[in-house]
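Report on the following structure.
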Amino acid sequence: MSAGPPPTALVVPRLLHPPVLLRAFTPADVGAVCEAAADPYVVATTTVPADPDDAALLAFVARQHERSRRGSGWSLAVADEATDRCVGQVGLWPAGDGRATVGYWTVPSARGRGYATAALRAVTGWAVLVPGVDRLELAVEPWNAASLAVGAAAGFRRTALVPGYLEVDGVRRDMVVLERAPG
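FYI, this note's numbering numbers position 50 of the sequence shown as 586, with every residue one higher than the one before it.
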């Protein structure tokens with residue numbers, strides 16, 4: 537019995553959307569991952585390591601590349617376009633049924649500067665090139681006003697409050713679901 541064909545590797549794009557450049561993670565980005573690890577919520581909702589020693593930080597970078605190699609989605613470094621300093625992450629993961637989920641984080645020192653909104657707009661615009669994706673979905677906890685504002689500024693529209701939608705730190709949490717078409 538065959539296990540089926542191997543997954544198709546995905547090409548990681550470079551997307552310029554001032555003030556950000558979205559690109560593949562590099563080992564030079566471990567400082568941003570370390571800073572992100574200081575935010576317990578980023579650690580609880582992502583694969584950013586809770587104990588960011590050198591090996592864990594480099595393993596995080598390797599995991600981001602592995603996602604595209606496996607064909608499961610794109611995890612992009614969000615870099616300041618002028619300095620190429622990594623200030624966060626944005627991802628897009630096809631979920632089937634014409635949907636893809638998006639998510640992002642920004643390092644604490646770079647918050648409030650428009651990086652997350654620009655990154656989400658860039659990946660949303662690029663998503664028109666992803667075959668079979670006609671709807672993007674963003675899930676945000678109801679208390680996270682900043683993230684809800686980022687979604688709205690990137691053209692996402694609130695569609696539902698779903699009880700127990702996602703597990704965060706071992707607990708099922710209610711999520712506001714926001715959606716939009718790619719483009």
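We treat Cβ as the ideally placed atom computed from N, Cα and C, and that holds for glycine. What you are looking at is a predicted structure, and each value in this text was computed from that prediction instead of being measured.
Assignment of residue 679 by DSSP, reduced to helix, strand and coil, places it in the coil class. Pairwise C-beta distances place the segment 612-632 in contact with the segment 565-579, as three or more of them are shorter than 8 Å. The beta-bridge partner set that DSSP reports for residue 577 is empty. Taken in chain order, the unbroken stretches of beta strand (DSSP E) that lie wholly in the segment 650-700 and span 3 residues or more are 671-676. DSSP, reduced to helix, strand and coil, places residue 567 within a helical segment of the structure shown. If you ignore the 5 residues before and after residue 553, its C-beta comes within less than 7 Å of the C-beta of 654, 657 and 658, all in its own chain and listed in chain order.
Residue 593: member of the alpha helix (DSSP H) spanning 590-606, first to last residue. The criterion of a C-beta distance shorter than 7 Å is not satisfied by residue 624 and residue 610. Residue pairing from DSSP places residue 616 in a beta bridge opposite 556. 572 is the residue among 601, 599 and 572 whose C-alpha sits nearest the C-alpha of residue 587.
For residue 710, the enclosing beta strand (DSSP E) covers residues 707-716. With three or more CB-CB distances shorter than 8 Å, the segment 669-681 counts as touching the segment 711-719.
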